[in-house]
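Visitor: In the order they appear, the protein sequences are chains Z and W. 239 is the number that my numbering gives to position 239 of the first sequence; each next residue is one higher, with no gaps. Position in the second sequence (from 1) plus 378 gives the number in my numbering. Take this structure, written in structure tokens, and hold onto it; I'll ask about it next.
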Amino acid sequence: MSVRERRSTVKVPVTRRLLAQRPVRTAAGALGIGLALMLMLLLSGLWEGVQQRITAYEDHLGADLVVVPSGTENLFADPGSVPAQAIAAVRRTRGVAAADPIRTLYLILDLSHGKAAVAAVASVPGGRGGPWRMETGRQPRTTDEVAVDASFADEHGVVVGDQLPVLGHRMRVVGLTADSAVFMTPLLFTTEAAMSQMLRAPGSTGALLLTLSPGAGPDRISATLRARGLTVRTPAQLHTAALDLATRIYGSPVRLMVAVAFAAGTLIVALVAHTRVSEQQRDLGVLKALGATPGRLRRIALGETASLTLGGAGAALLLLEVARRVLAWSFPSFPVVVTPRTLVIAGAAAAAMALLAAWLPARRLARLDPATAFRSRR
Amino acid sequence: MNAPNDVPRHERAAPAPSAVTVRGLTKAYGRGATEVVAVRDVDLTIVSGEVVLVMGPSGSGKTTLLLMLGALLRPTSGSIVVTGRDGTRVDVAAEPEKALPALRTRSFGFIFQDYALLDALTAAENIAVAANLAGTKGAAARQRALTLLERVGLAHRAAARPTELSGGEQQRVAVARALANDPPVLLADEPTANLDASRGRDLARLLRRLADEDERCIVIVSHDDRLREVADRVLWLEDGRFKTVTDLFIDPVCQMPVAATGPAFEWAGRSLRFCSAGCRSEFINDPGRFRITTGGQPGAEITGGAGL
Ligand SMILES: Nc1ncnc2c1ncn2[C@@H]1O[C@H](COP(=O)(O)OP(=O)(O)OP(=O)(O)O)[C@@H](O)[C@H]1O
Ligand SMILES: [Mg+2]
């Protein structure tokens with residue numbers, strides 16, 4: 001289409017003019033919508049962040065298969081022990097190249113200024129299941145050494161070289177680990193030998209992280225181990241189990257909050273759309289009297305709501321970034337992770353809000369009596 | 379635009395074609411006990427180029443009649459046949475709902491008491507938007523708006539918003555908007571009510587000129603006695619019916635026209651008429667406050683008849 005042709009089909013931009021007529025009100029409407037959308041994005045972003053942190057350990061096991069105590073679904077929530085004979089049996093199995101013992105359990109640390117919960121992990125130095133990234137210092141090697149999550153250390157003022165009481169023993173902090181701030185319970189790493197001593201259970205262990213020989217099929221080996229009465233999980237299964245547990249605990253409240261934010265958002269958009277249509281009832285009535293079809297009026301009203309929602313979405317992204325920075329600074333253990341999926345869902349939610357909210361005023365427009373243009377007085 | 383009209387209308391050879399023919403028009407609001415018959419069985423014929431002024435007491439059905447004429451209100455019964463400039467005839471009362479928006483843009487121009495301009499748009503845009511509704515878009519609509527603004531003497535105010543215009547200017551923009559799609563019929567409800575005396579007279583003359591120059595018929599509903607000077611006919615509507623009245627008085631209190639139906643009130647040698655008992659007692663309390671414009675002097679004959 002040439003410029004000239006396009007110009008000859010251009011109509012007076014009624015929607016844009018109506019929006020520009022009261023810029024403060026338009027901005028306030030968009031901001032209201034933006035706040036509601038931001039709240040939704042923030043809540044889902046927080047939930048996403050929590051989910052990523054909840055499975056941080058399970059996602060870094062590095063094992064092909066995990067042998068767990070019978071009945072165990074979740075490494076931290078169902079601690080049990082794998083007896084010595086079972087360990088020996090696993091190690092004898094063909095295709096198993098290595099079986100690194102680990103112990104996992106929740107602990108309450110008695111710090112000088114109060115108690116703090118941690119998820120403790122005990123592993124063999126150099127074996128699987130230990131810290132995957134160090135921020136400073138090194139991994140624990142001896143039975144009186146620990147490494148703790150760096151943000152936990154930061155929060156509690158712990159530095160390398162400090163002493164921490166673990167199960168009644170004084171342990172020395174030799175390193176701070178990165179990427180290990182599991183939601184609510186940061187990780188604390190120690191040696192398998194230390195934990196077995198402290199639990200007075202030498203010989204047994206919490207779980208075995210299996211490395212398979214090249215070419216060995218995990219399914220076949222899993223079947224072999226099961227046949228010997230052992231319980232075998234894949235890291236993916238453990239990941240799912242950890243997530244399911246968290247969803248059972250926090251999922252419904254978070255979903256409820258997101259739903260409330262959505263409802264509030266829809267209400268705000270509806271209120272804004274409704275107010276605008278009421279304010280513009282006279283103008284729209286005049287247009288109808290001049291011969292505007294109900295469809296044209298609906299397009300004007302919907303166009304306004306859509307523009308406000310779009311503006312609101314922009315405002316929401318800005319507000320979200322602000323909220324994220326504020327949260328990251330004041331509550332580092334509550335990461336807000338905005339995935340493309342969250343954005344798509346929020347966009348769909350915004351569109352749904354706008355449609356829901358514009359529906360009633362649009363219906364009102366269809367019934368608008370053009371005679372009111374003659375009767376209404378300023 | 380049509381050729382300028384240098385021959386007075388009544389001297390033209392061929393009789394002007396009828397533009398609007400109303401037969402048996404009735405409108406009842408509500409139903410049963412709350413029913414109000416606002417317009418009863420009205421007949422009316424208006425030819426093109428004619429200015430018809432409809433007067434009458436408040437609540438007599440003037441606005442209702444105008445709304446029906448302009449396809450803004452569906453009559454309870456009766457027909458309203460409008461003849462377009464191309465000779466096509468449409469019974470507005472029988473048109474389906476879907477056809478009404480297009481009919482309004484094509485056949486009618488509306489002029490409202492409170493101007494009814496969109497404050498969000500400029501003067502030119504207010505006119506262009508009406509052209510848009512009839513399918514004229516882009517530069518053509520804009521050009522049309524400017525031409526019409528020039529015609530009402532407001533070309534220099536094209537970019538002004540209604541809030542930046544005086545009442546008289548706003549009403550002239552509204553008149554230009556009514557002309558956007560060159561309709562055969564203009565309908566105006568109390569167009570001078572918010573204008574001072576001289577602006578009101580200017581508007582009346584403008585309407586007269588539009589009727590003469592474009593062979594357009596104009597129906598004006600008003601209480602404003604000044605409009606009588608530009609009207610070809612004055613119709614008196616009372617209780618939803620046209621009445622023939624020989625004398626028209628102006629209520630000295632509210633300056634409303636009053637038909638000489640009931641008994642007159644004699645005061646200082648003059649016959650006065652009041653629109654209501656309230657106005658009469660207000661007058662009696664302090665007669666000195668009011669100016670008596672007419673009284674006892676017969677006005678032009680006002681007909682309530684259907685045809686010419
Ligand atoms: N929508 C409506 N519903 C019910 N009754 C109505 C409605 N509109 C008008 N009426 C009634 O119909 C009658 C005629 O009203 P209309 O507005 O046509 O009078 P009018 O002659 O224009 O009066 P005014 O000079 O005060 O403007 C009045 O009695 C009025 O109360
Ligand atoms: Mg009226």
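Even glycine gets a Cβ: it sits at the ideal position worked out from N, Cα and C. These numbers come from a predicted model, not from an experiment.
Taking Z/Val12 as the query, report the chain W residues whose CB atoms sit under 7 Å from its CB, ordered along the chain.
Guide: Chain W residues near Z/Val12: Leu499, Glu503, Ala506, Val507, Asn510.
Visitor: So what does DSSP say about Z/Trp47, is it helix, strand or coil?
Guide: Correct three-state label for Z/Trp47: helix.
Visitor: Residues of chain Z with CB under 8 Å from W/Asp567, in chain order?
Guide: What W/Asp567 touches in chain Z: Phe374.
Visitor: Would you say W/Ala494 lies against chain Z (beta-carbon separation less than 9 Å)?
Guide: At least one chain Z Cβ lies under 9 Å of W/Ala494.
Visitor: Going by other Cβ atoms of all chains shown within 10 Å of its Cβ, with 16 needed for buried, is W/Tyr407 buried or exposed?
Guide: W/Tyr407 should be labelled exposed.
Visitor: So, helix, strand or coil for W/Lys515, using DSSP?
Guide: Coil, per DSSP.
Visitor: I'd like to know if the stretch 444-460 of chain W and the stretch 533-540 of chain W are in contact, where contact means that at least 3 CB-CB pairs between them fall below 8 Å.
Guide: Cβ pair count under 8 Å is below three, so no.
Visitor: Starting from the C-beta of Z/Pro125, find all residues in its chain whose C-beta is less than 8 Å away, skip the five residues before and the five after it, and write them out in chain order.
Guide: For Z/Pro125, where only same-chain residues beyond five positions count, the Cβ hits under 8 Å are Gln139, Pro140, Arg141, Thr191.
Visitor: Do W/Tyr493 and W/Val530 have their C-beta atoms closer together than 9 Å?
Guide: No, the Cβ-Cβ distance between W/Tyr493 and W/Val530 is not below 9 Å.
Visitor: Relative to chain W, which residues along the stretch 221-244 of chain Z have a C-beta separation below 7 Å, given in chain order?
Guide: Hits within the stretch: zero.
Visitor: Counting only Cβ-Cβ distances shorter than 9 Å, please list the residues of the stretch 303-317 of chain Z near chain W, keeping chain order.
Guide: Listed by position along the chain: nothing, the set is empty.
Visitor: Could you compute how far the alpha carbon of W/Arg390 sits from the alpha carbon of W/Arg583?
Guide: Reliability fails at W/Arg390, whose pLDDT of 44 lies under 50, so the model's placement of it is uncertain and the value that follows must be treated cautiously. Rounded to the nearest angstrom, the two C-alpha atoms are 21 Å apart.
Visitor: Within this structure, are the beta carbons of Z/Val158 and Z/Ala56 separated by less than 9 Å?
Guide: Not a contact, by the Cβ cut-off of 9 Å.
Visitor: Taking the straight line between their C-alpha atoms, what separation do you get for Z/Leu319 and Z/Val326?
Guide: Their backbone Cα atoms lie some 11 Å apart in a straight line.
Visitor: Quick one: give me the first and last residue of the beta strand (DSSP E) that Z/His169 is part of.
Guide: Run containing Z/His169: 169-177, per the beta strand (DSSP E) assignment.
Visitor: Would you say the beta carbon of W/Thr441 is closer than 8 Å to some non-hydrogen atom of ligand 2?
Guide: Yes, the Cβ of W/Thr441 comes within 8 Å of a heavy atom of ligand 2.
Visitor: Kindly list the residues whose CB is nearer than 6 Å to the CB of Z/Gly303, restricted to its own chain and excluding five residues on each side of it in sequence; keep chain order.
Guide: Around Z/Gly303: Thr15.
Visitor: What did DSSP end up calling W/Pro479 once you bin it into helix, strand or coil?
Guide: DSSP places W/Pro479 in helix when its eight states are reduced to three.
Visitor: Give me, in chain order, the residues of the same chain whose beta-carbon lies closer than 7 Å to that of Z/Ala306; leave out the 5 immediate sequence neighbours on both sides.
Guide: Only Ala354 meet the Cβ criterion.
Visitor: If you reduce the DSSP assignment to three classes, tell me which class W/Asp590 lands in.
Guide: Of the three classes helix, strand and coil, the one that applies to W/Asp590 here is helix, per DSSP.
Visitor: Which residues of chain Z have a Cβ atom closer than 9 Å to the Cβ of W/Leu450, listed in chain order?
Guide: The answer, in chain order, is Lys288, Ala289, Asp369, Pro370, Ala371, Ala373, Phe374.
Visitor: Under the assumption that Z/Ala301 contacts Z/Ala357 (Cβ atoms under 8 Å), give the Cβ distance between them as a whole number of angstroms.
Guide: With 8 Å as the limit, Z/Ala301 and Z/Ala357 do not qualify as a contact, their Cβ atoms being about 11 Å apart.
Visitor: What does W/Leu445 touch in chain Z if you count any residue whose Cβ is under 8 Å from its own?
Guide: Residues of chain Z passing the Cβ test: Ala371, Phe374.
Visitor: Please state whether DSSP places Z/Leu230 in a helix, a strand or coil.
Guide: In this structure, Z/Leu230 counts as coil in the three-state DSSP scheme.
Visitor: Please find out if some non-hydrogen atom of ligand 2 comes closer than 8 Å to the beta-carbon of W/Asp492.
Guide: W/Asp492: no, Cβ never under 8 Å from ligand 2.
Visitor: Answer yes or no: the CB of W/Glu542 versus the heavy atoms of ligand 2, is any distance below 8 Å?
Guide: No - ligand 2 has no heavy atom lying nearer than 8 Å to the Cβ of W/Glu542.
Visitor: Mind listing the chain Z neighbours of W/Thr466? Cutoff is C-beta to C-beta under 8 Å, in chain order.
Guide: Ordered by position in chain Z, no residue passes the 8 Å Cβ test against W/Thr466, which lies about 17 Å from the chain.
Visitor: Can you list the residues of chain Z that W/Lys515 reaches, using a CB-CB cut of under 7 Å?
Guide: Near W/Lys515 (Cβ distances below 7 Å), the residues of chain Z are Ser8, Thr9, Val10, Lys11.
Visitor: Going along chain Z in order, which residues have a C-beta closer than 8 Å to the C-beta of W/Phe488?
Guide: Per Cβ cutoff of 8 Å: Ala289, Leu290, Ala373, Phe374.
Visitor: By the 10 Å Cβ neighbour count, where 16 or more other Cβ atoms means buried, how is Z/Phe331 classified, buried or exposed?
Guide: Result: exposed.
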